[in-house]
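Numbering (the numbering used here), first residue to last: 97 to 892. Yeah, the Cβ is synthetic: ideal placement off N, Cα and C, and Gly gets one too.
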Ligand code: DGJ
């Protein structure tokens, strides 16, 4: 195999983009179009005759690009970019009203440039990479008749098997043009009986995995809410028919964008699959005057021959290294307590400090004061826009409050919803024009609020000053940036072309985030939009973590977090332990299961600690100790979805890069009677290395056994009675404990676990696995000396 560099090679008008394990090849045709040749497993740089689509027969009813060349029909070719109205009848990546008033465009190759490092910065967020990590190829195309030029920008990230793409249009003509659609990426691949996997969802049901076989015609994933939305995430993948979690060819796609997105996969009658992703053309129109430029957001693509799991890990590593802001790359995220589910809007300083004190005793590191701390924000009908602390709730103001927290050993974090305004607010009373609305039309409310017009510079300045002043007024280490409604009534008085509204809103948001957080890089930003309504790579460029969902039920979270893990790393997912029964599902789950799901992410607690028993608090203390020990692994380790829900069980694993440590979790969603033998399936361990695998201690609450306690109790106890409830506060039974020492190869062959409870009684040798139960197992590399110690039961 050749050396790693260069990553981009041009030979005989053929471009080879080489990553560690993949090759992406295209060439310039005799008519100046870019023909896609190959994307897949890494190949040496050599002539591509055997790879390319043949053009040896003439197709009936096709429109020829040139009469002299009867086989050259754009409709039957795999292209890197296609114009419109020139014989390619698949969807075009561009819809541009050209200087001549038509929508016909035809871009031909002019020249190329290769540069070290990533593309230059623009007003949109882009992945970041330095010269020894990536290389950029810029291909210049031009429609010579219209004098519109197009740059296709490719950046090759060697180590992650990732290529990014975006498109930059320049109007060199003497007339203004209108862009109605300009995709970031267009790619044609011959079909490999692809299955598309994507994420659909809703509020409290984000990240739901869905799989679709590609039909002839077009499949679209999109958002029209003004944000990337929880309905259809911009990320998706195409997997070959035989691909599994661990094997087969998979192509992954995502977009560094937080607004209305659009991804289309179109299968033609010739079995060619066209993939496009970019800004949603629905309602979009952008005026590009003479000499002006319009840039699309950056698309991200990856290829893996190691199945869907391989694709996920490519994306995870890429996001951790190249999307997340440099200060937070690989940096531990604090364990937090959030005030929302405990207090909502109803609190005072005493209550907050009481919660904080208990949190600090448990080992929590950051106290997040959620909604309700400012203006007249005693409910969700007032106050948004007025970020003046409410002195009734926090009499001394934020600084002394934060200092009190700091004295308890806690950092201080604060909630804002800066893009929104309540009509009942001082800001609205002074600046009603700041809100998005159409003259003569009653604006629609969402959660009783209007949207601020971020397309306006004065509004952006106001937000930057307001939020910035608060951040500088107290020691604030964390910000939760919320956004709780979809956008409607899109209009801004300052825009000549209202079709620009949505995109200008997002550009405005990015500008605000840059101005507030670039000068304050140490502040940890967690973005949120009623949970995961804006979970995308654009936001991740600013906020290293995102509040995954308002749904904290651990069983629901298994699906939500597992779905998102297809495309996003664990370090990006805020995951909290909340109260049981759960407030949205009424499901009762153990503290252990709530922690076991939440620890695969950025751990937090969001419940009233006053209402916990001593037992619960001891358990939480142990959970946090364990999390801190394994934190780097749980936030930044390589993630494996070992088993998915089909059998009622889910298994997840994280493993360190050096393969010395791993954590495996087994979740039972629904118990079955007469359960079969359970096995753990760790992966990616060093085959010849010796490891100890041991279960993390679990306590069994006696109340959950109900009337069964009478089998072991000397006195009769009522299962719903006060005695059992009281006893439950103080006593618990030890859960089953398991330890095995074996080589990686043996563990990977499957670890047979002790029997699960089947109704024949309790013992410490039986794993209590009812509905929603779970266990986690720690795997640690050991040397011979450690193994001997282990025999004395001392290994740790
Ligand atoms: C929606 C968020 O998702 C919640 O976590 C909380 O911050 C509320 N907004 C506060 O209004």
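{"query": "Residue range of the alpha helix (DSSP H) that includes residue 823", "result": "818–826"}
{"query": "The beta strand (DSSP E) enclosing residue 111, as first and last residue numbers", "result": "110–114"}
{"query": "Residue 274 and residue 375 closer than 8 Å at C-beta", "result": "no"}
{"query": "Reference residue 223, options 416, 679 and 771, closest by Cα", "result": "416"}
{"query": "Cβ-based burial, residue 385 [other Cβ within 10 Å; buried from 16]", "result": "exposed"}
{"query": "Nearest-angstrom Cα separation, counted from residue 670 out to residue 631", "result": "11 Å"}
{"query": "Rounded straight-line distance, which links the Cα of residue 203 to that of residue 114", "result": "25 Å"}
{"query": "Integer Cβ distance of residue 751 from residue 740, believed to fall under 8 Å", "result": "Not confirmed; about 18 Å, so no contact."}
{"query": "Residues of its chain near residue 325, where Cβ-Cβ distance is below 7 Å and the 5 sequence neighbours each way are ignored", "result": "319 and 629"}
{"query": "Three or more C-beta pairs below 8 Å linking the region 357–364 and the region 299–316", "result": "yes"}
{"query": "Residue 435 Cβ short of 7 Å to the ligand DGJ heavy atom set", "result": "no"}
{"query": "Beta-bridge partners of residue 237, as assigned by DSSP", "result": "205 and 246"}
{"query": "Cβ neighbour criterion (16 or more within 10 Å) applied to residue 107", "result": "exposed"}
{"query": "Proximity below 8 Å, CB of residue 373 to CB of residue 330", "result": "yes"}
{"query": "Own chain partners of residue 580 with C-beta closer than 6 Å, once the 5 adjacent residues on each side are dropped", "result": "543 and 626"}
{"query": "Heavy atom of the ligand DGJ within 7 Å of residue 646 beta-carbon", "result": "yes"}
{"query": "Residue 208 versus 233, 199, 225 and 229, residue with shortest Cα-Cα distance", "result": "233"}
{"query": "Close Cβ partners of residue 877 (< 8 Å) along its chain, the five nearest in sequence each way excluded", "result": "755, 756, 757, 782, 785, 786 and 787"}
{"query": "Residue 359 burial status per 10 Å Cβ neighbour count (16 or more: buried)", "result": "buried"}
{"query": "As assigned by DSSP and simplified to three states, the class of residue 830", "result": "strand"}
{"query": "Which listed residue (178, 523, 397 and 574) has its alpha carbon closest to that of residue 431", "result": "574"}
{"query": "First and last residue of the uninterrupted beta strand (DSSP E) at residue 503", "result": "That residue, residue 503, is in no beta strand (DSSP E); its alpha helix (DSSP H) goes 494–503."}
{"query": "Extent of the continuous alpha helix (DSSP H) run through residue 722", "result": "710–732"}
{"query": "Burial state of residue 874, where buried means 16 or more other Cβ atoms lie within 10 Å", "result": "buried"}
{"query": "Terminal residues of the beta strand (DSSP E) in which residue 294 lies", "result": "291–296"}
{"query": "Near the ligand DGJ: residue 879 beta-carbon under 7 Å from a heavy atom", "result": "no"}
{"query": "Any non-hydrogen atom of the ligand DGJ closer than 7 Å to residue 578 Cβ", "result": "yes"}
{"query": "Any non-hydrogen atom of the ligand DGJ within 7 Å of residue 627 CB", "result": "yes"}
{"query": "Beta-carbon contacts of residue 888 that lie in its chain and below 7 Å, excluding the five residues immediately before and after", "result": "Bear in mind that a pLDDT of 41 at residue 888, under 50, signals an unreliable position, so the number given afterwards is only what the model happens to contain. Nothing listed; no residue qualifies."}
{"query": "3-residue-minimum beta strand (DSSP E) runs that sit fully inside the region 352–417, ordered along the chain", "result": "357–363, 368–375, 382–384, 389–391 and 394–400"}
{"query": "Extent of the continuous alpha helix (DSSP H) run through residue 321", "result": "It is not in any alpha helix (DSSP H) - residue 321 carries neither H nor E in the DSSP assignment."}
{"query": "Rounded separation between residue 395 and residue 858 - CA only", "result": "54 Å"}
{"query": "Helix, strand or coil at residue 707 according to DSSP, with G and I counted as helix", "result": "helix"}
{"query": "Candidates 482, 514, 290 and 178, of which the one nearest residue 606 by Cα", "result": "514"}
{"query": "Reference residue 829; option with closest CA among 815, 806, 840 and 796", "result": "796"}
{"query": "Limits of the unbroken beta strand (DSSP E) element including residue 142", "result": "That residue, residue 142, is in no beta strand (DSSP E); it is neither H nor E in DSSP."}
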